[in-house]
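**Student:** Per our numbering, residue 24 is the first one in the sequence shown, and the count goes up by one each step. For each residue, glycine too, the CB sits at the ideal point set by N, CA and C. Take a look at this one; I'll ask things after.
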Amino acid sequence: MQFGIESGKPLETASDALIVPVEAGDIAGIPAALGGMLPETLAASIAEVIADARFTGKAGNTLVVPMLGAVPVKRLALTGLGPADELTAGKIERAYGAAARAARDAGARRLTAIAPPAPLDPRAANPIEAAVIGMSLGLYAFTTHFGAGQPSEERSRVESVAFVGPGSDTAQDIIARGVTIAQAVNFARDLVNEPASTLTPERMAEHARDVAAEANLEVEVLGPDELARLGAGAITAVGQGSANPPRMIRLRYTPDGADAEPERIVGLVGKCITFDTGGYSIKPADAMMEMKGDMAGGAAVLAAMSALSSLDCAYPVEATICAAENMISGKAFRPGDILTAMNGVTIEVLNTDAEGRLVMADGLVDTARRGATELIDLATLTGAIIVALGEGTTGLFSDDDRLANALLTAAEEAGERMWRMPLVEELNEKIRGDVGDVKNIGGRPGGAVTAALFLQRFTEGRPWAHFDIAGSSSYPAANALGPKGASGEGVRTLLAYLCGA
Ligand code: BES
Ligand code: MN
Ligand code: ZN
């Protein structure tokens, strides 16, 4: 999809649909927003349609109005911004996302748009950038596997969006920035939506190699032999039951003109279980249904890495994607097995379905030992975080207030919902090993907390933050920013934290 700028008047510029932002209660302002070019009878009919539909410019509401051939614009896609004094970048995103989706569903392929007004918050992202992100995310569709059975009219796609008005070089740069951010999120969504039969650990490594070549990163992929030599016994065990062997994927971003010995190196670690059957502690069918998405942490890390050089990230970043498939076979690991992680800590496996924390253990140690001065990990780690926070919120655990607060701010700027959870020290008791150092489960109460406390054993004393994205990595239903399925959660918070994007 192409984004651009066309100089001209909104109603005189041909398009399948013109997106018109409307502030709450400002119905009377619509003709002026359209450049005062509306033929009088048409203006009266539009006013009637708007009144009939009770469209008031409330945030989240859209209304598609056909122009019946009276102007070169086929339809208006009116979209509510809500009250002018409450306008935020997030509201602009959702308003433009919803309008673009409504226009697409009405059959529009070439869109034009009136640029949004600026939000009052001076720190807010540029409104054009927010509109671009909202439309790119909202129009996302996972079409890779559509086949002969899909009627072509249901494959409608938007080809282009042009902001109508005076263009400028800075506007072009702002559009490009929005496109970069949205493409990263949509890339993560594509990876998460891809079935496990095609997105194996090695296929993930291939994606990482492609990203590295395009985005100026170094990449190194470790297979079972290298992992055994490293002493990474935890990811090895999780991956050993699958015909698709595990991969630890290392990526490194170095900013232009970086110091030879930088003071700060950010470490990112992603859980990438390409499918989670639960292993011998097998999941019931309903719980297994969505487990192709158990690699969303790894996908978010790879997607964020893909955008760092375009967004001129100033810090070196050391990333690790812990890719394995948790399957059942004669070679699979079992409850009762005792593993030794890369740092020498022994782990008593009491439940093979608590596999995420195992692969992450080795990934955290490896990232710290490669020089990361702080660690941020993303993992679809626990069902318990969904019970605690519901589906749309990421649980943040951290042992460093500076890092935690910076990440909460980044999440807010990025429009991702995140809530800090406590690392309740006393709960360490629940994961104390009987015959090894630490157990991989701590019981039902506080399940997301004990999982985080487990990870903390492998952070090598670095300031650390953990995103439990089990609830937020997918949308349960379509919304203004995308269809049901992968959300790409975490990518934007990471980019906001690393590049101020
Ligand atoms: N991948 C799951 C967590 C999950 C659940 C992600 C629902 C997305 C949606 C994880 O590997 C898991 O199975 N966790 C167990 C841990 C338990 C055995 C201690 C869980 O949450 O039930
Ligand atoms: Mn599991
Ligand atoms: Zn899992």
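1) Should Phe477 and Ile492 be called a contact, given that it needs their Cβ atoms to be closer than 9 Å?
2) Count the other CB atoms within 10 Å of the CB of Lys462; is the residue buried (16 or more) or exposed (fewer)?
3) Could you tell me the alpha carbon to alpha carbon distance between Glu182 and Ala164, rounded to whole angstroms?
4) Classify Gly120 as helix, strand or coil using the three-state DSSP reduction.
5) Smallest Cα separation from Pro54: which of Ser510, Lys32 and Asp39?
6) Would you kindly report the start and end of the unbroken beta strand (DSSP E) that includes Gly157?
7) Going by C-alpha distance, which of Pro269, Ala236, Val261 and Val242 is nearest Asp248?
8) Tell me Glu348's beta-bridge partners as DSSP assigns them.
9) Starting from the Cα of Glu63, find the closest Cα among Val94, Asp317, Ile42 and Asn84 and give me that residue.
10) Have a look at Gly390 and Leu291 and give me their C-alpha separation to the nearest angstrom.
11) Assign Thr193 to one of three DSSP states: helix, strand, or coil.
12) Relative to the C-alpha of Asn349, which candidate in Thr363, Ser332 and Ile305 has its C-alpha closest?
13) List the residues that DSSP assigns as beta-bridge partners of His489.
14) How would you call Asp192, buried or exposed, if buried means at least 16 neighbouring beta carbons within 10 angstroms?
15) Write down the C-beta distance between Met441 and Thr369 rounded to the nearest angstrom, noting that I regard them as a contact closer than 8 Å.
16) Apart from the five residues on each side of it in sequence, which residues of its chain come closer than 6 Å, Cβ to Cβ, to Ala434?
17) Using the Cα positions of Leu573 and Met60, report the straight-line distance between them to the nearest angstrom.
18) Below 8 Å, how does it come out for the stretch 504 to 524 and the stretch 327 to 337: are there three or more Cβ pairs, yes or no?
19) Helix, strand or coil for Asn463 per DSSP?
20) Please report the residue range of the beta strand (DSSP E) in which Gly103 lies.
21) Given that a residue counts as buried once 16 or more other Cβ atoms are within 10 Å of its Cβ, and exposed if not, what is Gly80?
22) Around the C-beta of Phe420, are 16 or more other C-beta atoms found within 10 angstroms, so that it is buried, or is it exposed?
23) Keeping to the same chain, check which residues put their C-beta closer than 6 Å to that of Ala407; ignore five residues upstream and five downstream.
24) Is any heavy atom of the ligand ZN found at a distance shorter than 8 Å from the C-beta of Asn349?
25) Helix, strand or coil: which one does DSSP assign to Leu91?
26) When you compare only the Cα positions, how much space is there between Ala319 and Gly511?
27) To which residues does DSSP link Ala136 through a beta bridge?
28) Output the distance between the C-alpha atoms of Ala131 and Ala40, rounded to the nearest integer angstrom.
29) Provide the residue(s) that pair with Ile361 in DSSP beta bridges, ordered along the chain.
30) With respect to 8 Å, is the separation between the Cβ of Asp317 and the closest non-hydrogen atom of the ligand HEM below this value?
31) Hey, out of Ala129, Ile272, Leu245 and Pro106, whose CA is closest to Leu99's CA?
32) Counting only beta-carbon atoms, is Val368 nearer than 9 Å to chain B?
33) Can you name, in chain order, every residue of its own chain whose Cβ lies under 6 Å from the Cβ of Thr2, other than the five neighbours on each side?
34) On a CA-only basis, which of Gly386, Gly161 and Thr203 is nearest Gly8? Give me that one, please.
35) Judging by CA-CA distance, which residue of Ala219, Leu101, Leu274 and Pro140 is the nearest neighbour of Ala238?
36) Run through DSSP, which three-state label would Phe210 get?
**Tutor:** Straight from the coordinates:
1) no
2) buried
3) 13 Å
4) helix
5) Lys32
6) No beta strand (DSSP E) holds Gly157; the alpha helix (DSSP H) holding it covers Pro150 to Gly161.
7) Pro269
8) Phe298
9) Val94
10) The displayed chain sequence assigns Thr, not Gly, to residue 390. Spanning the two alpha carbons is a distance of roughly 8 Å.
11) helix
12) Ile305
13) Asp400 and Phe420
14) exposed
15) Not confirmed; about 33 Å, so no contact.
16) Met441 and Thr516
17) The displayed coordinates of the chain run from 24 to 524. Any statement about residue 573 would go beyond what the structure contains.
18) yes
19) coil
20) Arg98 to Gly105
21) buried
22) buried
23) Gly470 and Ala471
24) yes
25) coil
26) 7 Å
27) Ile42 and Phe186
28) 6 Å
29) Glu371
30) The model depicted lacks the ligand HEM and carries the ligand BES, the ligand MN and the ligand ZN instead.
31) Ala129
32) In the structure shown, chain B cannot be found, because there is only a single protein chain.
33) Outside the displayed range of the chain (24 to 524) lies residue 2, so it cannot be described from this structure.
34) Nothing about residue 8 can be read from this structure; the chain reaches only from 24 to 524.
35) Leu274
36) helix
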